[in-house]
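Asks: The numbering of the sequence shown is the working numbering, which starts it at 85 and goes up by one. For each residue, glycine too, the CB sits at the ideal point set by N, CA and C.
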Amino acid sequence: MTCRGFTLLAIHDFTHIKILDTVAGWEGIICGGPAVYLAMAEMLNEQYGRTVLPIG
Numbered sequence: 085m086t087c088r089g090f091t092l093l094a095i096h097d098f099t100h101i102k103i104l105d106t107v108a109g110w111e112g113i114i115c116g117g118p119a120v121y122l123a124m125a126e127m128l129n130e131q132y133g134r135t136v137l138p139i140g
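See below:
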């Protein structure tokens with residue numbers, strides 16, 4: 085999760101505003117998806133020695 089996600093969770097802990105908890109969760113999912121794809125692309129491309137999953 086990015087620093088922004090942790091910041092939202094910290095603000096939620098101090099203020100108890102429920103929507104911040106939800107927004108931080110979605111932000112983590114949205115930012116985590118491309119990170120998982122990039123990790124898998126790098127691993128598979130290296131393993132097979134060719135472009136299996138393209139990386140911009």
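On the premise that Ala108 lies in contact with Gly89, defined as a C-beta separation below 8 Å, what is that separation, rounded to the nearest angstrom?
Replies: Correct: roughly 5 Å between the Cβ atoms.
Asks: Just how far apart, CA to CA, sit Leu137 and Ile101?
Replies: Those two C-alpha atoms are separated by around 40 Å.
Asks: Considering Pro118, what are the terminal residues of the alpha helix (DSSP H) in which it resides?
Replies: Here the alpha helix (DSSP H) through Pro118 covers 102-132.
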